[in-house]
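Chains as they are written, first to last, in the numbering used here: chain A, 17 to 332; chain B, 4 to 485. Cβ atoms here follow ideal geometry from the backbone N, Cα and C, with glycine treated the same way. Quick caveat: nothing in here was measured; it's all calculated off a predicted structure.
1. Against residue 169/A, what residues of chain B qualify as contacts under a CB-to-CB distance less than 8 Å, listed in chain order?
2. Can you give, in chain order, each stretch of the alpha helix (DSSP H) that sits fully within the region 200 to 275 of chain B and has at least 4 residues?
3. Any beta carbon of chain B sitting closer than 7 Å to that of residue 192/A?
4. For the alpha helix (DSSP H) that residue 94/B lies in, which residues bound it at each end?
5. Classify residue 80/A as helix, strand or coil using the three-state DSSP reduction.
6. Is the region 427 to 442 of chain B close to the region 275 to 295 of chain A, with three or more CB pairs under 8 Å?
7. When you check each C-beta in the region 252 to 284 of chain A against every C-beta of chain B, which residues fall closer than 7 Å?
8. Identify the continuous alpha helix (DSSP H) that holds residue 163/A and give its terminal residues.
9. Thinking C-beta only, is residue 124/B closer than 7 Å to residue 270/B?
10. For the beta strand (DSSP E) containing residue 476/B, list its first residue and its last residue.
11. Can you confirm whether the region 355 to 366 of chain B touches the region 185 to 202 of chain B when touching is taken to mean that 3 or more C-beta pairs between the two stretches lie within less than 8 Å?
12. Please tell me whether residue 373/B has its Cβ less than 7 Å away from any Cβ of chain A.
13. Beta-carbon of residue 299/A versus every beta-carbon of chain B: anything under 7 Å?
14. Please name the residues in the region 236 to 250 of chain B whose beta-carbon is closer than 9 Å to at least one beta-carbon of chain A, in chain order.
15. Measure the Cβ-Cβ separation of residue 117/B and residue 192/A and say whether it is below 7 Å.
16. Between the region 145 to 153 of chain A and the region 202 to 220 of chain A, are three or more C-beta pairs nearer than 8 Å?
17. Please work out which residues of its chain come closer than 8 Å, Cβ to Cβ, to residue 50/B, disregarding the five sequence neighbours upstream and downstream, and give them in chain order.
18. Say whether the region 346 to 357 of chain B touches the region 210 to 223 of chain B, bearing in mind that this needs 3 or more beta-carbon pairs closer than 8 Å, one atom from each stretch.
19. Could you name the residues of the region 98 to 119 of chain A whose beta carbon sits closer than 7 Å to any beta carbon of chain B, in the order they occur along the chain?
20. Any contact between the region 102 to 121 of chain A and the region 249 to 263 of chain A? By contact I mean 3 or more CB pairs, one from each, below 8 Å.
21. Under 7 Å between the Cβ atoms of residue 247/B and residue 302/B?
22. Just the Cα atoms here: how many angstroms apart are residue 2/B and residue 119/B?
23. Can you confirm whether residue 182/A, when its beta carbon is compared against all beta carbons of chain B, has any partner nearer than 7 Å?
24. Going by the beta-carbon positions, is the gap between residue 272/B and residue 469/B smaller than 7 Å?
25. Pull up the distance between the alpha-carbon of residue 70/A and that of residue 77/A, whole angstroms please.
26. For residue 142/B and residue 298/B, which I take to be in contact (beta-carbon distance under 8 Å), what is that distance rounded to the nearest angstrom?
27. Smallest Cα separation from residue 223/A: which of 254/A, 235/A, 197/A?
28. Quick check on residue 85/A - is its C-beta less than 7 Å from some C-beta in chain B?
29. Go to residue 83/B, then tell me how far its beta strand (DSSP E) extends in each direction, as first and last residue.
30. Could you tell me which of 242/B, 137/B, 300/B sits nearest to residue 372/B, measuring between CA atoms?
31. Residue 206/B and residue 342/B - do their beta-carbons sit closer together than 7 Å?
32. Decide if residue 44/B is buried, meaning its Cβ has at least 16 other Cβ atoms within 10 Å, or exposed.
33. Taking the continuous alpha helix (DSSP H) assigned at residue 376/B, which residues delimit it?
34. Is it true that the CB of residue 79/B sits closer than 7 Å to the CB of residue 380/B?
35. Please report how far the alpha carbon of residue 127/A lies from the alpha carbon of residue 144/A, in whole angstroms.
36. Comparing the C-beta of residue 189/A with each C-beta of chain B, is any distance below 7 Å?
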């Protein structure tokens, strides 16, 4: 009785040692892993975490630097109330939605069209595929300033040809006339962003098996039904991700609007990012600027969650 | 598992952010420990003892400059706008001369000259103060003074400035309102230059339209003259305003209010400013209405270009445009006597004469200046603001500083071929002078007013509605600021 027990003890003790040894190994491995990512996490905390915490703190404080460098004090939701009380809030929201939707969907539609075109057999196709990338290679600031000059009412080349050809009697205020303001801005953003969408969509198109189209042809599909029933379902997951990414990027875009119109005339094209800039560095209202930023961050986080859910689903 | 992980991580991030909000609420009111202590106004900013006290040698520049103040190895930092490549204004010579003069008083001292352009100074100065960056001297135009006073950025200067300087400069500066002073009268700026503001008009276009400049002395006469230009010439925007951004708009329109006898930010509890304010707003509206909406997107540079190229007949300008315009003209002589007329602002009120406005540009001492640096810094400011330095001749000789005429300035600092400019400027200066005052809560009022000013320019609201909307926002801000 004793021996088997003793044997069992020895066996148990060996297993325990094995388990303990394995646990210890994994723990060590885990600790090494943590140690390896700590510098990166620390850096991320320094450059992202701390500013975010400071922005959150500012958003619940009243801090207008023109009231004194030490005038910061807690005021709860006063800055958020100030945002709601802004007489131009509806204009800002309209502008933001217009810009986000336009800057997301127009480049995708344009990119899709160009990708479909350049996915077909064409002479010098490689040249055209390179040419359409040119807008993407230009710095956003340079592109925006160039477009501002093209649109200019006094010196712009568009107005020069429109007036000299007799198409219009007097030059058009592309960036000042309420009718033309948003179409002009969205044309610029579509021009700047479509190559990115084009590249992604073209890659997806090239991943679709030609056999599917061949089978479709045997079943009597035409160009439209093939696009609707074969192409679109195949690239739909990619389009969903492009839409979400586009919305996230557009929600934070500052350069395009600011360099084209500075948010004007008045506030007619002011979106959230230029509004934060003006509130912060022109009017020194740190609290309100932070509150606007927090609202913008909340929208971005919401979109990011949708993106993560979508990306996770695709990964699975 | 793979599906859930990113979402779960994101939820954790959101939870962390919510925790941070709670933390933010708990620690609200805390400010970075490195911020310098400063009161609500410059007059209550921390003041320390000067390292030197006034003495008999302070009463003349020569006596003062040739007295060693300290042999300590003091080092001061000055943020400046002097462009070493601007040969026309002798900026490099100015810096070299100021350094050499200052070293007579601080032979072991050192000056760190740090260039920050005009476009950045408004944003960088608060950053210096917030970060506790020990900048001693910065600069700006006087429109910034009141804001910086209220923010507690500035050190009062009187106690630091030498007797020769206060005797020759402060007497004029103290004629309030002057924008080298806080609204409570505290001197905070050592003025570098005085800039006059007025209208520039193209003589050639006025002649084409048959407009007699003498009729431009009232607001109604001015509008009628500009309307004649729009009707009789190809110029469709007679006077250009820079309505493309908030600050350029306020730069341009705020001077127009002075013609009605008020400033843009002049709102009183009893409403006594109403008629004059609306009259000025009407003048601004009528000017804006005269042209197509191009000016809604224009900045100062666009306006300059439009003027030089003859697309517009007139601009609201300051004397510093002299250099800008010279640079824009291929021949280097844009300001030809035969093409440009300097015109005082018209008056919108029967009891006012046509006028020009003026404001100072100069150096301020920041509260970030360490105590030991303040006297040496003030000495450098005094040297810089002395016209001996500002208008140093290109042959390095120094002209007399008292009793200067415009021609003296011209011969010293600029090409004598444009002597007519200074003569015209002198004639403008014979008109009534109205100081351009800063006003409390200027930036907040600008933020609130700008969209409405544009709506008025677009004809969406009337001057009366503009008054009501801006007053509703501005009056509480002004009362709070006071």
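Judging by the given coordinates:
1. Counted from its first residue, the first chain places residue 169/A at position 153. Neighbours of residue 169/A across chain B, judged by C-beta separation under 8 Å: 295, 296, 297, 300.
2. Counting only runs of 4 or more, we get 206 to 212, 222 to 235, 249 to 261.
3. In the first chain, the residue the question calls residue 192/A occupies position 176. True, the Cβ-Cβ gap to chain B drops below 7 Å.
4. As a position in the second chain, residue 94/B is number 91, starting the count at 1. 94 to 108 is the extent of the alpha helix (DSSP H) around residue 94/B.
5. Against the first chain, residue 80/A aligns to sequence position 64. Strand.
6. Counting Cβ pairs under 8 Å, fewer than three are found: no touch.
7. Residues 277, 278, 280, 281, 282, 283.
8. Translated into the one-based positions of the first chain, residue 163/A becomes position 147. In the DSSP assignment, residue 163/A falls within the unbroken alpha helix (DSSP H) covering 156 to 167.
9. Here the question's residue 270/B lines up with position 267 in the second chain. Here the question's residue 124/B lines up with position 121 in the second chain. No, they are not a contact pair.
10. Counted from its first residue, the second chain places residue 476/B at position 473. Annotation for residue 476/B: no beta strand (DSSP E) segment contains it, though the alpha helix (DSSP H) segment containing it runs 466 to 484.
11. Flag = yes, the region 185 to 202 of chain B and the region 355 to 366 of chain B touch.
12. Indexing the second chain from 1 puts residue 373/B at position 370. Cβ-Cβ to chain A under 7 Å: no for residue 373/B.
13. Working through the first chain from its first residue, we reach residue 299/A at position 283. Proximity of residue 299/A to chain B, defined by a Cβ-Cβ separation below 7 Å, is satisfied.
14. Residues passing the 9 Å Cβ filter: 239, 240, 246, 247, 248, 249, 250.
15. As a first step, residue 117/B must be located in the second chain, where it is residue number 114. As a first step, residue 192/A must be located in the first chain, where it is residue number 176. The answer is no: Cβ separation not under 7 Å.
16. A contact is defined here as three or more CB-CB pairs under 8 Å, and the region 145 to 153 of chain A meets this definition with respect to the region 202 to 220 of chain A.
17. The residue given as residue 50/B occupies position 47 in the second chain. Here the model assigns residue 50/B a pLDDT of 39, short of 50, so the residue's position is not dependable and the matter cannot be decided.
18. Here the region 346 to 357 of chain B makes contact with the region 210 to 223 of chain B; the two share three or more CB pairs at distances below 8 Å.
19. Here the close residues are 104.
20. Touching, per the Cβ criterion.
21. As a working note, residue 247/B is residue 244 in the second chain. As a working note, residue 302/B is residue 299 in the second chain. The Cβ atoms of residue 247/B and residue 302/B lie closer than 7 Å to each other.
22. Here chain B covers residues 4 to 485 and nothing more, so residue 2/B does not appear.
23. Your numbering for residue 182/A matches position 166 in the first chain. Judged by the 7 Å Cβ criterion, residue 182/A is not in contact with chain B.
24. To locate residue 272/B, count along the second chain from 1; it is residue 269. To locate residue 469/B, count along the second chain from 1; it is residue 466. In this structure, residue 469/B does not lie closer than 7 Å to residue 272/B by Cβ.
25. Counting from 1 along the first chain, the entry for residue 70/A is found at position 54. Counting from 1 along the first chain, the entry for residue 77/A is found at position 61. When rounded, the separation of the alpha-carbon atoms in residue 70/A and residue 77/A is 11 Å.
26. Locating residue 142/B in the second chain gives position 139, where the first residue counts as 1. Locating residue 298/B in the second chain gives position 295, where the first residue counts as 1. Rounded, the Cβ-Cβ distance is 29 Å, inconsistent with contact.
27. Counting from one through the first chain, the residue named residue 223/A turns up at place 207. Of the candidates 254/A, 235/A, 197/A, the one whose C-alpha sits nearest the C-alpha of residue 223/A is 254/A.
28. By one-based count along the first chain, residue 85/A stands at place 69. By this cut-off, residue 85/A is an interface position.
29. Numbered from 1 along the second chain, position 80 holds the residue referred to as residue 83/B. In the DSSP annotation of this structure, the continuous segment of the beta strand (DSSP E) that includes residue 83/B starts and ends at 78 to 83.
30. Here residue 372/B corresponds to residue number 369 of the second chain, with the count starting at 1. Selected option, being the one with the closest Cα: 137/B.
31. In the second chain, counting from the first residue as 1, residue 342/B sits at position 339. In the second chain, counting from the first residue as 1, residue 206/B sits at position 203. Yes, they are a contact pair.
32. As a first step, residue 44/B must be located in the second chain, where it is residue number 41. Residue placement at residue 44/B cannot be trusted, given a pLDDT of 39 that sits under 50; what the coordinates show is reported in the next sentence. Around the beta carbon of residue 44/B, 16 or more other beta carbons sit within 10 angstroms, so the residue counts as buried.
33. Along the second chain, one-based indexing puts residue 376/B at 373. First-last of the alpha helix (DSSP H) with residue 376/B: 374 to 388.
34. Residue 380/B sits at position 377 when you count from the first residue of the second chain. Residue 79/B sits at position 76 when you count from the first residue of the second chain. Yes, these two residues count as a Cβ contact at 7 Å.
35. In the first chain, the residue the question calls residue 127/A occupies position 111. In the first chain, the residue the question calls residue 144/A occupies position 128. The alpha-carbon atoms of residue 127/A and residue 144/A are separated by roughly 13 Å.
36. Within the first chain, residue 189/A is the residue found at index 173, counting from 1. Using a Cβ-Cβ cut-off of 7 Å, residue 189/A counts as an interface residue toward chain B, since at least one Cβ of chain B sits closer than that to its own.
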